[in-house]
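Take 1077 as the starting number for the sequence shown in my numbering and just add one per residue. Have a look at the structure below before the remarks.
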Amino acid sequence: MCVYKDLRFLGEAVGSILQQHFSDFEFIIVDDGTGDETVQRLAMRDPRIKVVVNERNVGAAAASNLGIAEAQSDIIVRLDADDVAEPTHIGRLVAELERDPDLGLVGSSVRFIDEEGRLLGAQGMPETDVDVRWTLLFHNPFYHSSVAFRRSCFEAAGPYKEAN
């Protein structure tokens, strides 16, 4: 998870990760130059949280690359600092990757909520290989903050492209 200016939903986002049914994970939060102690205080909530602090903002791509480099796991799960994960989210993604060693990336459908947490709608996503490949012809079939991927695939594809 990378954090920059908008910290309004950070506590809820972090709480949603700490309340996952799947609990064997490390949680890396990259403070991308917030200049705020909020992120450090959140790290005291749970020993699984590791905070990496950038003294200045380097941008989402560079911060994400830094967080992934710090991770020890072969499976990387993404969540943005203004998103909330349902309690079974990480477990379902990890289970799919463990079930099929040929999978490199998995994602989920998403629900859209407003600032008060009221449901605004939902977006189903393609579920089969054929549907994912077909959707790729037109747009990205994954919501970034709903994916998990293998580190080996990330390394083979190369890091997030950083701004010049």
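Built from N, CA and C at the ideal position, the CB exists for glycine as well.
task: Find the nearest neighbour of Leu-1086 within the set Gly-1167, Asp-1158, Asn-1130, judged by alpha-carbon distance.
output: Position 10 of the sequence shown, counted from the first residue, corresponds to residue 1086. When only C-alpha atoms are compared, the closest one is Asp-1158.
Where Val-1160 sits in the DSSP three-state scheme: Indexing the sequence shown from 1 puts residue 1160 at position 84. Correct three-state label for Val-1160: coil.
message: I'd like to know whether the C-beta atoms of Val-1106 and Ala-1139 end up nearer to each other than 8 Å.
response: Here residue 1106 is taken as the residue at index 30 of the sequence shown, counted from 1. Here residue 1139 is taken as the residue at index 63 of the sequence shown, counted from 1. Yes, the pair counts as a contact, with Cβ atoms nearer than the cut-off.
Rounded C-alpha distance that separates His-1220 from Gln-1095: Indexing the sequence shown from 1 puts residue 1220 at position 144. Indexing the sequence shown from 1 puts residue 1095 at position 19. Roughly 21 Å between the two C-alpha positions.
- request: Return the chain-ordered ranges of every beta strand (DSSP E) run that is complete within the stretch 1099-1182 and spans a minimum of 3 residues.
  value: 1103-1108, 1125-1130, 1151-1153
field: Limits of the unbroken alpha helix (DSSP H) element including Gly-1193
entry: The sequence position of residue 1193 within the sequence shown is 117, counting from 1. Per DSSP, Gly-1193 belongs to no alpha helix (DSSP H) and is neither H nor E.
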